[in-house]
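Colleague: The listed protein sequences correspond, in order, to chains U and R. Per numbering that gives the first Met the number 0: the first sequence ends with 201, consecutive numbering throughout. Per numbering that gives the first Met the number 0: the second sequence ends with 201, consecutive numbering throughout. Structure below; questions to follow.
2 protein chains.
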Amino acid sequence: MGTEQTTEEKILAAAEEVFLQSGFDGARMQEIANKAEINKAMLHYYFRSKDLLFERIFEEKARYFFPEVNEIFAQENSFEQKIHSFIEKYIHFINQHPYIPIFIITTINRKGQEVFIDKLPLKASLAQNLFTSYFKDFQEGKVAEINPLQLALSVIGMCVFPYLGRPILNHVFKIQGDEFFELMEARIQEVQLYVSKILKVD
Amino acid sequence: MGTEQTTEEKILAAAEEVFLQSGFDGARMQEIANKAEINKAMLHYYFRSKDLLFERIFEEKARYFFPEVNEIFAQENSFEQKIHSFIEKYIHFINQHPYIPIFIITTINRKGQEVFIDKLPLKASLAQNLFTSYFKDFQEGKVAEINPLQLALSVIGMCVFPYLGRPILNHVFKIQGDEFFELMEARIQEVQLYVSKILKVD
DNA sequence: TTTTGGTTTAACCATTTGGTTAATGCTATG
DNA sequence: CATAGCATTAACCAAATGGTTAAACCAAAA
């Protein structure tokens, strides 16, 4: 198997692993070098500093926190359908990258580093699309009256919180191995059900 | 005003501030000493090491992440009423301690430090109470059929996520100052409404 | 073969960091 | 007043850490 990986690729892979697991403050350049099986000086040769290497990794991973949701809201579906699609795609996606949420959340909450928020791929159009889509369906009497911002916060919270509180969840419910991901897989339908009930007109 | 504070109290106050804002890895003993306006050696005189000082702070704050919810579930209310009480009390409480969630979440997700989960005041009875309370009302036909574990995860996620994603929220919706807390205050009713709809029998 | 240019390494460096020590200060008790 | 004992401080220490440097390596071009 062609395990040919350039030095740069080896560094990026190792840096990703270490930064995702330990965050900026907890990460050590030496650990990255060891994991990449290269000399520590190479890290600076290729990326100059810890800050720059971290930025590189963050920018690469930030896209994953809010993956292609724009296309979901660009479709010609009902508001409810759009939320349902989001839930399914989002949980499926994060299941493949379960450490992204805690990495992003800790980074953007790091004091003095609010800079990183600007690096998140947050399009103003997203919130706009959400609101217009909701009000369209609301005026047609297809959804109940709720606050779309609060609903969005709720949906994201319901999807993402389990990944953040995973150690607690594992501990309290003695979850182990793939059981967590099965729980999240089952969660898709459950959260979709909740949203349907929330949006149902009386 | 009697500002008489023992050295130990000054240290604890400063340590709390620094650890909550920076986490264990990002915190510096010197910064704590400066903030407490004492000599760095005093930190070790009173608490021996950074680890022990951190543990002390964590144990003190951990109780705040799951405040007195046991009493809520011990009451003679309906399941729905209990969830409603939880939402109100929880958001009110965290509004007074908005940095607790990110502090707890980052700490328990720190690699090699899963020890801290044991320090969380998680009573097995809590989950137990939740389930029995749900099934009682379910058998009486008072609530719809849902998965109580998934609902619990959802309620906690809806309550706590905004505090974790607050920098994003502030950024996207140009929220500033107390507006965030007003949003959370309004959120109580909204989330309660969602739960009512979720639990409503058809 | 020689040279040229990027790549890699070992050794090194300055600073930071958690932690220690020995001396000093201070207060209460005999 | 003396002194015993805790509180406090300045100075110090060893290890860790991000970063640098100069020499060595190595493949491709001349």
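Note that CB positions come from ideal geometry on N, CA and C, so glycine has one too.
How about Ala14(U): is its C-beta nearer than 8 Å to some C-beta of chain R?
Modeller: no
Colleague: Using a Cβ-Cβ distance cut-off of 8 Å, determine whether Tyr193(R) contacts chain U.
Modeller: So yes, Tyr193(R) belongs to the interface.
Colleague: Using a Cβ cut-off of 9 Å, pull out every chain R residue sitting near Ala126(U), in sequence order please.
Modeller: Val171, Phe172
Colleague: With DSSP collapsed to three states, give me the class of Val68(U).
Modeller: coil
Colleague: What does the Cβ neighbour count give for Lys196(U), buried or exposed, with the cut at 16 atoms within 10 Å?
Modeller: buried
Colleague: By a C-beta neighbour count over all protein chains shown, 10 Å radius and 16 as the cutoff for buried, is Lys135(R) buried or exposed?
Modeller: Classification for Lys135(R): exposed.
Colleague: Tell me which residue opens and which closes the alpha helix (DSSP H) that Gln112(U) is part of.
Modeller: Taken as a continuous stretch (DSSP letters only), Gln112(U) belongs to no alpha helix (DSSP H), as it is neither H nor E.
Colleague: Expressed to the nearest angstrom, what Euclidean distance is found between the alpha-carbon atoms of Glu15(R) and Ala61(R)?
Modeller: 12 Å
Colleague: Could you tell me the alpha carbon to alpha carbon distance between Tyr45(R) and Glu58(R), rounded to whole angstroms?
Modeller: 17 Å
Colleague: In terms of alpha-carbon separation, which member of Gly22(U), Ile31(U), Arg27(U), Ala26(U) lies closest to Lys9(U)?
Modeller: Ile31(U)
Colleague: Run the CB neighbour count on Leu51(U), radius 10 Å, all protein chains shown included, and call it buried at 16 or more, exposed below.
Modeller: exposed
Colleague: Could you tell me whether any Cβ in chain U is nearer than 8 Å to the Cβ of Asn209(R)?
Modeller: Past the edges of chain R, shown from 0 to 201, lies residue 209(R), and the structure says nothing about it.
Colleague: Among the residues of its own chain, which have a CB less than 8 Å from the CB of Asn38(R), if the five just before and after it don't count?
Modeller: Ala32
Colleague: Report all residues from its chain with a CB closer than 6 Å to the CB of Glu7(U); omit the five preceding and five following residues, and keep chain order.
Modeller: Apart from sequence neighbours up to five positions away, the residues of its chain that approach Glu7(U) with a beta-carbon distance below 6 Å are Tyr45, ordered along the chain.
Colleague: Run through chain R and tell me which residues come within less than 7 Å of Gln149(U), C-beta to C-beta.
Modeller: Arg186, Glu189
Colleague: Rounded C-beta distance between Ile93(R) and Ile99(R)? I'm assuming under 8 Å.
Modeller: Contact between Ile93(R) and Ile99(R) holds: their C-beta atoms lie close to 6 Å from each other, under 8 Å.
Colleague: I want to verify the contact list: residues of chain R whose CB lies under 7 Å from the CB of Asp50(U), in sequence order.
Modeller: Think of a sphere of 7 Å around the beta carbon of Asp50(U): no beta carbon from chain R falls inside it, the nearest being about 14 Å out.
Colleague: Let me know the secondary structure DSSP gives Arg47(R) once reduced to three states.
Modeller: coil
Colleague: Hey, is Gln175(U)'s beta-carbon within less than 8 Å of any beta-carbon in chain R?
Modeller: Under the Cβ criterion of 8 Å, Gln175(U) is not counted among the residues facing chain R.
Colleague: Would you call the CB atoms of Phe160(U) and Ile103(R) closer than 8 Å?
Modeller: Cβ distance not < 8 Å, so Phe160(U) and Ile103(R) don't count as in contact.
Colleague: Alpha carbon to alpha carbon, how far is His91(U) from Lys110(U)?
Modeller: Here the C-alpha atom of His91(U) lies approximately 31 Å from the C-alpha atom of Lys110(U).
Colleague: Apply the 10 Å Cβ neighbour rule to Thr105(R) and answer buried if 16 or more other Cβ atoms are within range, or exposed otherwise.
Modeller: buried
Colleague: Taking Cβ-Cβ distances below 8 Å as the criterion, which residues of the stretch 89 to 108 of chain U are in contact with chain R?
Modeller: Ile101, Ile104, Thr105, Ile107, Asn108
Colleague: If you count every other CB in all the chains shown that lies within 10 Å of the CB of Val200(U), and 16 or more means buried, which is it?
Modeller: exposed
Colleague: Measure the alpha-carbon distance for Arg27(R) versus Val142(U) and round it to whole angstroms.
Modeller: 52 Å
Colleague: Could you check which residue in Ala123(U), Ala40(U), Glu36(U), Glu184(U) has the C-alpha nearest to that of Ile167(R)?
Modeller: Ala123(U)
Colleague: Report the residue from Tyr162(U), Ile107(U), Phe130(U), Ser48(U) whose alpha carbon sits nearest the alpha carbon of Phe72(U).
Modeller: Phe130(U)
Colleague: Whole angstroms are fine: how far does the CA of Asn108(U) sit from the CA of Val114(U)?
Modeller: 10 Å
Colleague: Suppose contacts are defined by Cβ-Cβ distances below 8 Å. Is Tyr63(R) in contact with Ile101(R) by that definition?
Modeller: Their beta carbons are not under 8 Å apart, which means Tyr63(R) does not touch Ile101(R) by this criterion.
Colleague: Using only alpha-carbon positions, find the residue among Asn169(U), Arg165(U), Ala151(U), Val17(U) that is nearest to Val171(R).
Modeller: When each option's Cα is compared against that of Val171(R), the closest is Ala151(U).
Colleague: Considering Tyr203(U), what are the terminal residues of the alpha helix (DSSP H) in which it resides?
Modeller: The requested residue 203(U) is not part of the displayed model; chain U covers only 0 to 201.
Colleague: If you reduce the DSSP assignment to three classes, tell me which class Gly22(U) lands in.
Modeller: Three-state DSSP puts Gly22(U) in a helix.
Colleague: Can you tell me where the alpha helix (DSSP H) with Lys88(U) in it begins and where it stops?
Modeller: Where Lys88(U) is concerned, the enclosing alpha helix (DSSP H) starts and stops at 78 to 95.
Colleague: I want to verify the contact list: residues of chain R whose CB lies under 9 Å from the CB of Ile86(U), in sequence order.
Modeller: Per Cβ cutoff of 9 Å: no residues; Ile86(U) is ~11 Å from chain R at best.
Colleague: Quick one: using the 10 Å Cβ neighbour count with 16 as the cut-off for buried, is Arg47(R) buried or exposed?
Modeller: With fewer than 16 other Cβ atoms within 10 Å, it is exposed.
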